[in-house]
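In the numbering used here, the protein residues as written are 106 to 222.
The beta carbon of each residue, even a glycine, is placed where N, CA and C say it ideally should be.
Report on the structure given below.
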């Protein structure tokens, strides 16, 4: 775990600046996001999606590439202990059950006056 100054901590709170900072830090190492993704065995789009939504496995890959912990890089996604905060979501809506509509009419269509056709 590295020590971050207050300016860098403030910078990491903005998602757009965080993404640029991470790309810059990886570039300083002479690498690209595509190379980091290839080293992890995933496509680069997988790493980029981490900047938009929570993905703990890829967050760890990116954090390791810049020398931080995932909790330092994404403080809003982790609790005080350093475990990912999973959204539990709201209560699920009950499925609406619809009654089947009887559209066959009053008499069967393939029967002629009591006999099968």
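By Cβ distance below 7 Å, which residues in the same chain neighbour residue i in space, the five residues on each side in sequence not counted?
i: residue 225; result: Outside the displayed range of the chain (106 to 222) lies residue 225, so it cannot be described from this structure.
i: residue 151; result: 142 and 163
Helix, strand or coil: how does DSSP classify residue i here?
i: residue 183; result: strand
i: residue 160; result: coil
i: residue 109; result: coil
i: residue 148; result: coil
i: residue 137; result: coil
Would you check if the distance between the CB atom of residue i and the CB atom of residue j is smaller than 8 Å?
i: residue 166; j: residue 145; result: yes
Give the DSSP bridge partners of residue i, in chain order.
i: residue 189; result: 183
Considering only residues of the same chain and omitting the five flanking positions on each side of residue i, which have a CB-CB separation below 6 Å?
i: residue 106; result: Because the pLDDT of residue 106 is 48, which lies under 50, any placement of that residue in the model is unreliable, and the number read from its coordinates should be weighed accordingly. 174, listed in sequence order.
i: residue 168; result: 174, 175 and 178
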